[in-house]
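Number of protein chains: 4
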Amino acid sequence: MNIKKIKEIVENNTSKAGRYFDLFIQSVIIFSLISFSFETLPELNSSVLEFFRIAEIISVFVFSIEYVLRIIVADKKLKFIFSFYGIIDLFAILPFYLSTGIDLRSLRIFRLFRLFRVFKVLRYNRAIRNFQLAFKEIKEELILFFIMTFFLLYISAVGIYYFENPAQPEVFKSVFHSLWWAVETFTTVGYGDICPVTVGGKVFSFFMLMLGLGIIAVPSGLIASALSKIFNKRENQE
Amino acid sequence: MNIKKIKEIVENNTSKAGRYFDLFIQSVIIFSLISFSFETLPELNSSVLEFFRIAEIISVFVFSIEYVLRIIVADKKLKFIFSFYGIIDLFAILPFYLSTGIDLRSLRIFRLFRLFRVFKVLRYNRAIRNFQLAFKEIKEELILFFIMTFFLLYISAVGIYYFENPAQPEVFKSVFHSLWWAVETFTTVGYGDICPVTVGGKVFSFFMLMLGLGIIAVPSGLIASALSKIFNKRENQE
Amino acid sequence: MNIKKIKEIVENNTSKAGRYFDLFIQSVIIFSLISFSFETLPELNSSVLEFFRIAEIISVFVFSIEYVLRIIVADKKLKFIFSFYGIIDLFAILPFYLSTGIDLRSLRIFRLFRLFRVFKVLRYNRAIRNFQLAFKEIKEELILFFIMTFFLLYISAVGIYYFENPAQPEVFKSVFHSLWWAVETFTTVGYGDICPVTVGGKVFSFFMLMLGLGIIAVPSGLIASALSKIFNKRENQE
Amino acid sequence: MNIKKIKEIVENNTSKAGRYFDLFIQSVIIFSLISFSFETLPELNSSVLEFFRIAEIISVFVFSIEYVLRIIVADKKLKFIFSFYGIIDLFAILPFYLSTGIDLRSLRIFRLFRLFRVFKVLRYNRAIRNFQLAFKEIKEELILFFIMTFFLLYISAVGIYYFENPAQPEVFKSVFHSLWWAVETFTTVGYGDICPVTVGGKVFSFFMLMLGLGIIAVPSGLIASALSKIFNKRENQE
Numbered sequence: 045m046n047i048k049k050i051k052e053i054v055e056n057n058t059s060k061a062g063r064y065f066d067l068f069i070q071s072v073i074i075f076s077l078i079s080f081s082f083e084t085l086p087e088l089n090s091s092v093l094e095f096f097r098i099a100e101i102i103s104v105f106v107f108s109i110e111y112v113l114r115i116i117v118a119d120k121k122l123k124f125i126f127s128f129y130g131i132i133d134l135f136a137i138l139p140f141y142l143s144t145g146i147d148l149r150s151l152r153i154f155r156l157f158r159l160f161r162v163f164k165v166l167r168y169n170r171a172i173r174n175f176q177l178a179f180k181e182i183k184e185e186l187i188l189f190f191i192m193t194f195f196l197l198y199i200s201a202v203g204i205y206y207f208e209n210p211a212q213p214e215v216f217k218s219v220f221h222s223l224w225w226a227v228e229t230f231t232t233v234g235y236g237d238i239c240p241v242t243v244g245g246k247v248f249s250f251f252m253l254m255l256g257l258g259i260i261a262v263p264s265g266l267i268a269s270a271l272s273k274i275f276n277k278r279e280n281q282e
Numbered sequence: 045m046n047i048k049k050i051k052e053i054v055e056n057n058t059s060k061a062g063r064y065f066d067l068f069i070q071s072v073i074i075f076s077l078i079s080f081s082f083e084t085l086p087e088l089n090s091s092v093l094e095f096f097r098i099a100e101i102i103s104v105f106v107f108s109i110e111y112v113l114r115i116i117v118a119d120k121k122l123k124f125i126f127s128f129y130g131i132i133d134l135f136a137i138l139p140f141y142l143s144t145g146i147d148l149r150s151l152r153i154f155r156l157f158r159l160f161r162v163f164k165v166l167r168y169n170r171a172i173r174n175f176q177l178a179f180k181e182i183k184e185e186l187i188l189f190f191i192m193t194f195f196l197l198y199i200s201a202v203g204i205y206y207f208e209n210p211a212q213p214e215v216f217k218s219v220f221h222s223l224w225w226a227v228e229t230f231t232t233v234g235y236g237d238i239c240p241v242t243v244g245g246k247v248f249s250f251f252m253l254m255l256g257l258g259i260i261a262v263p264s265g266l267i268a269s270a271l272s273k274i275f276n277k278r279e280n281q282e
Numbered sequence: 045m046n047i048k049k050i051k052e053i054v055e056n057n058t059s060k061a062g063r064y065f066d067l068f069i070q071s072v073i074i075f076s077l078i079s080f081s082f083e084t085l086p087e088l089n090s091s092v093l094e095f096f097r098i099a100e101i102i103s104v105f106v107f108s109i110e111y112v113l114r115i116i117v118a119d120k121k122l123k124f125i126f127s128f129y130g131i132i133d134l135f136a137i138l139p140f141y142l143s144t145g146i147d148l149r150s151l152r153i154f155r156l157f158r159l160f161r162v163f164k165v166l167r168y169n170r171a172i173r174n175f176q177l178a179f180k181e182i183k184e185e186l187i188l189f190f191i192m193t194f195f196l197l198y199i200s201a202v203g204i205y206y207f208e209n210p211a212q213p214e215v216f217k218s219v220f221h222s223l224w225w226a227v228e229t230f231t232t233v234g235y236g237d238i239c240p241v242t243v244g245g246k247v248f249s250f251f252m253l254m255l256g257l258g259i260i261a262v263p264s265g266l267i268a269s270a271l272s273k274i275f276n277k278r279e280n281q282e
Numbered sequence: 045m046n047i048k049k050i051k052e053i054v055e056n057n058t059s060k061a062g063r064y065f066d067l068f069i070q071s072v073i074i075f076s077l078i079s080f081s082f083e084t085l086p087e088l089n090s091s092v093l094e095f096f097r098i099a100e101i102i103s104v105f106v107f108s109i110e111y112v113l114r115i116i117v118a119d120k121k122l123k124f125i126f127s128f129y130g131i132i133d134l135f136a137i138l139p140f141y142l143s144t145g146i147d148l149r150s151l152r153i154f155r156l157f158r159l160f161r162v163f164k165v166l167r168y169n170r171a172i173r174n175f176q177l178a179f180k181e182i183k184e185e186l187i188l189f190f191i192m193t194f195f196l197l198y199i200s201a202v203g204i205y206y207f208e209n210p211a212q213p214e215v216f217k218s219v220f221h222s223l224w225w226a227v228e229t230f231t232t233v234g235y236g237d238i239c240p241v242t243v244g245g246k247v248f249s250f251f252m253l254m255l256g257l258g259i260i261a262v263p264s265g266l267i268a269s270a271l272s273k274i275f276n277k278r279e280n281q282e
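Chains as they are written, first to last, in this note's numbering: chain P, 45 to 282; chain R, 45 to 282; chain G, 45 to 282; chain L, 45 to 282.
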């Protein structure tokens with residue numbers, strides 16, 4: 045088997061062999077992520093732990109071979125090694141060989157990006173293209189929205205700090221603690237671990253939330269209008 | 045009364061008799077669901093329980109007759125028995141006759157699907173059609189959204205596990221417990237039974253939530269643009 | 045001052061005198077609502093309570109005169125008395141004269157509807173008209189959405205009841221208690237007074253919430269598309 | 045260096061020197077806000093506090109020079125002093141010189157508005173223009189929405205007060221306490237510090253939340269339709 049053929053399998057996912065190779069690698073990624081997740085469960089008995097240890101060895105073995113193959117078939121080897129996927133692929137196997145005290149296997153999560161390729165196989169090109177076009181259309185507006193949101197969060201945090209700090213010095217300890225309150229309030233998550241108790245703090249929250257209601261609505265409005273435009277364009281072209 | 049006439053009543057809900065038959069069956073379904081719900085209330089006295097027992101017998105009696113009638117009038121009897129509604133109809137009455145230890149009556153909840161037919165009677169065809177067309181239009185985008193959402197949830201769960209597990213080993217026990225946190229956070233439900241306490245965990249949550257704000261906005265954007273397109277099309281046709 | 049002139053003032057809010065009359069009545073409504081709200085504050089001293097008692101007498105005095113005037117100027121007196129606003133106006137003063145044990149003054153809240161008239165004075169006709177047209181456009185879809193939402197809530201309630209009742213019999217007492225959980229979960233309020241603790245309940249919640257994310261997005265999608273259509277129509281007409 | 049040249053630098057941010065001046069001032073604003081935020085952290089040792097004291101002096105020094113320069117170069121000096129930015133700039137330095145008992149430095153937060161100018165430098169004019177046009181388009185509808193929302197909040201507050209006050213007199217103390225419940229419920233924040241426990245209160249909440257689901261969806265619908273219109277208009281002009 046010459047390099048050209050391996051290249052065909054490893055890099056080209058339109059050929060039949062390439063598609064199977066991709067599916068195999070993706071299956072191992074999912075398998076290794078699932079086994080990694082189960083391994084975090086406390087109170088596992090030794091036989092189950094043994095199973096996970098073997099699963100880990102197999103995964104790393106497959107990933108290592110894949111990594112070596114990708115270097116071999118790459119036209120510009122150094123470019124691949126220092127590319128986004130090249131570094132991720134290295135991070136996915138390195139922790140096993142280094143076996144440092146810190147568990148770096150979670151870095152492997154970035155391998156999830158490899159899973160995105162599955163969409164190509166599933167021919168979801170149109171849907172992906174729509175999202176990309178919509179995102180491109182509203183990129184500037186989205187950035188503006190995030191900056192405005194951060195302003196709103198910061199102003200709210202400083203405001204609530206002045207109202208609540210004297211009443212709850214242990215909860216609203218600093219502007220940063222207040223910022224956490226602002227985050228969980230304006231995203232409407234509201235765990236309840238930190239919330240205003242003074243009249244001033246509640247009235248202030250009320251006005252900021254009214255403003256927030258309008259601001260939180262911006263992204264879906266942006267996405268709707270961008271997608272509408274793209275749908276109309278496509279319609280007209282057909 | 046010959047079979048053809050019964051068939052007319054049981055299967056055809058455009059005729060007057062068929063409509064009354066449908067409304068009667070739907071009333072019994074709603075009645076049986078309401079009585080089932082009330083039966084779960086604790087501390088009921090014996091006379092009320094007796095009432096529910098009789099309500100149960102009547103419901104099953106009606107459903108049994110309906111089931112038998114539907115088999116009799118079906119052109120392809122086996123096809124009906126193994127069809128979606130055939131199996132649901134059987135599940136609705138079987139638990140009563142089997143009276144196993146486990147309460148399978150909750151399977152009857154699938155009979156709710158039968159209630160969808162009420163829309164046909166109410167002539168809500170246009171609204172149903174709009175939703176169907178909109179769903180068809182954005183099916184691929186919706187699936188992509190759900191996959192992206194699951195990626196976001198999983199990555200957030202692994203991330204928060206590393207930040208919070210050392211501080212709250214009893215709360216963020218494993219990646220699966222963290223996944224529950226991710227679910228209640230990104231849907232913005234936020235019960236507060238599980239939430240980050242470390243600085244790292246809060247900063248990580250902040251960034252993931254900012255990203256999540258944009259992602260959670262996708263479905264309403266998709267629905268808006270799809271419905272806009274359908275409304276425009278209808279407009280142009282008229 | 046003859047009846048015709050009074051009629052002009054009381055019923056016609058396009059004339060100058062009528063506008064002042066309207067503004068005066070609206071001010072008294074707002075004043076009486078504010079004073080009613082403050083009266084609910086516990087631990088008020090006697091002088092403040094005395095103030096509220098006088099405010100109450102003045103409000104009822106004004107409302108009574110207004111009610112009598114409206115009957116006098118009405119062409120069909122009985123029709124006005126039994127109309128929506130006629131009954132509300134009576135409910136606003138009746139509790140004072142009857143002074144029953146139960147505090148019925150809260151019925152006066154329906155007088156808020158009278159405040160809607162303020163929009164006419166503010167010339168917000170276009171915005172109101174847009175909302176009315178949008179609502180008319182999507183009425184059937186909205187009803188469908190509410191029915192679908194109720195189905196989702198009921199199915200979720202029954203499902204979670206089976207998962208959580210054995211583990212938390214005091215929290216998930218019955219299907220109705222579970223329904224309250226479903227309401228606060230799918231509206232993403234999430235107080236945290238009732239939430240799943242079992243693995244099954246959490247997995248079930250996860251899947252229902254994923255579905256719920258799509259369903260909760262429907263109203264803003266509907267409103268966006270309806271308003272878009274109306275804006276386009278207006279554009280074309282101009 | 046004559047005044048004309050200073051004016052060029054201070055007021056004109058299209059020239060190279062003006063842009064650098066703007067960037068420098070913005071950097072000092074951000075630096076002073078960050079140092080102000082860190083200063084609120086409890087348990088700082090004396091050397092860190094000393095650092096913040098110096099940072100404070102430097103910031104005020106820069107802001108003072110900027111303020112004086114802006115007065116000098118202003119054509120109408122009094123007009124600038126009493127303008128929005130003039131007052132904000134004064135508020136940013138005044139607390140330092142007055143050193144009153146109350147910490148007024150938080151007023152400096154309004155200097156954040158100065159940061160908005162950064163967008164001009166970044167050439168985000170199109171995105172800002174889109175938001176401004178969209179806001180102008182739906183201004184009246186948004187005001188109507190806020191008034192409707194306030195009505196919904198007030199009616200819900202009065203309603204829940206009657207259901208929950210007898211059961212939880214310490215939680216639902218008055219209509220104002222209920223209003224806080226209404227705010228955190230209809231914005232779907234749901235901290236859980238205040239929530240209904242009676243059957244009546246829960247059923248009432250259920251119906252109000254169903255209504256609220258529709259109303260909360262209005263802003264994103266409005267924004268989507270306004271942006272769609274603006275995008276279409278731009279498209280047609282090109």
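No residue lacks a Cβ here, since even glycine has one placed at the ideal position from N, Cα and C.
Let's test the definition: count the other Cβ atoms within 10 Å of the Cβ of residue i and tell me whether it reaches 16, buried, or not, exposed.
i, result
"Ser264(P)", "buried"
"Ser91(P)", "exposed"
"Lys273(G)", "buried"
"Leu77(R)", "buried"
"Thr84(G)", "buried"
"Ser200(L)", "buried"
"Phe175(P)", "buried"
"Asp297(R)", "No statement about residue 297(R) is possible, as the shown extent of chain R runs from 45 to 282 and does not include it."
Pull up the CB-CB distance for residue i and residue j, whole angstroms please, since I reckon it's below 8 Å.
i, j, result
"Tyr358(G)", "Leu223(G)", "Outside the modelled stretch of chain G, which goes from 45 to 282, sits residue 358(G), for which no answer is possible."
"Leu138(R)", "Thr231(P)", "Actually they are not in contact, since the Cβ atoms of Leu138(R) and Thr231(P) sit about 46 Å apart, beyond 8 Å."
"Thr242(P)", "Glu214(P)", "In fact, because the Cβ distance is near 14 Å, the residues do not count as touching under 8 Å."
"Val202(G)", "Val219(G)", "6 Å"
"Glu100(G)", "Ala171(R)", "Contact flag wrong, Cβ pair sits at about 48 Å."
"Thr229(L)", "Val233(G)", "6 Å"
"Gly130(R)", "Gly236(P)", "Their Cβ separation, rounded to whole angstroms, is 47 Å, which puts Gly130(R) and Gly236(P) out of contact at 8 Å."
What did DSSP end up calling residue i once you bin it into helix, strand or coil?
i, result
"Phe126(L)", "coil"
"Leu85(G)", "coil"
"Pro139(R)", "helix"
"Tyr64(P)", "helix"
"Thr58(L)", "coil"
"Ile182(R)", "coil"
"Glu52(G)", "helix"
"Asn169(G)", "helix"
"Asn280(G)", "helix"
"Asp237(L)", "coil"
Discussion item. Under 8 Å: do the segment 263 to 282 of chain R and the segment 265 to 276 of chain L share three or more Cβ pairs, one atom per stretch?
Written reply: yes
Worksheet item: Is there contact here, the segment 62 to 74 of chain R with the segment 53 to 69 of chain L, by at least three beta-carbon pairs under 8 Å?
Response: no
Item to complete: Give the residues from the segment 254 to 269 of chain P that approach chain G closer than 9 Å (Cβ to any Cβ), ordered along the chain.
Response: Ala261, Ser264, Gly265, Ala268, Ser269
Worksheet item: Does the count of Cβ pairs from the segment 104 to 118 of chain G and the segment 48 to 56 of chain G closer than 8 Å reach three?
Response: yes
Practice prompt. Could you please tell me which residues of the segment 215 to 245 of chain L, in chain order, have their CB closer than 7 Å to any CB of chain G?
Written response: Lys217, Ser218, Val219, Phe220, Thr229, Thr232, Gly234, Gly236, Cys239
Fill in: Near-chain G residues of the segment 181 to 196 of chain L (beta-carbon distance less than 7 Å), N- to C-terminal order
Glu184, Glu185, Leu188, Phe195
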